[in-house]
Amino acid sequence: MVGLVFSLIYNEARRIWCYRWILVATTTVIFLAAALYIFSIPKTYEAWGQIFAPKHTPLTQATEGVSLVGQGYGNPYVSQKTMLNDENLEKVVNKINPAAGAMSQQARESAIGALRGSIKIEDGGDGFLEFRYVDQDPVK
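This note's numbering puts the first residue of the sequence shown at 647, with every later residue one more than the last.
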């Protein structure tokens, strides 16, 4: 019984060996295509950070149902608006581009707006806010 299994394996190995060059050629083509694809992908760099902003502070719990602002307003909302205000983003633009001090006010505002538009904010729902920035320039 074992001799039969070994003879079947030997026969199949001989059949495969006859087509080894087709196998080598196919794997080479697939490897080269994959390598070209991988090298053509642009490099991207990602910076991210997480902050914890509890949704229910003693003040929000005390004013629940009384507040005129609505449900979506709380500590995470305030944290988002504080982190992405013009003053804080202007500091980031000045660190990224040392020549930003010599920019006109309109150019600086457009740089701040572009930075604000490229920052993605994800609210995890459990009080954690995640800020992500993806760019192709490693300095930024």
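Even glycine gets a Cβ: it sits at the ideal position worked out from N, Cα and C. None of these values were measured; they are calculated from a predicted model.
- Within a 10 Å sphere around the beta-carbon of L682 sit fewer than 16 other beta-carbons, which makes this residue exposed.
- Beta bridge pairing from DSSP links R778 with W694 and K766.
- Taking every protein chain shown into account, the CB of V739 has 16 or more other CB atoms within 10 angstroms, so this residue is buried.
- With respect to T690, V785 sits apart: the two C-beta atoms are not nearer than 7 Å.
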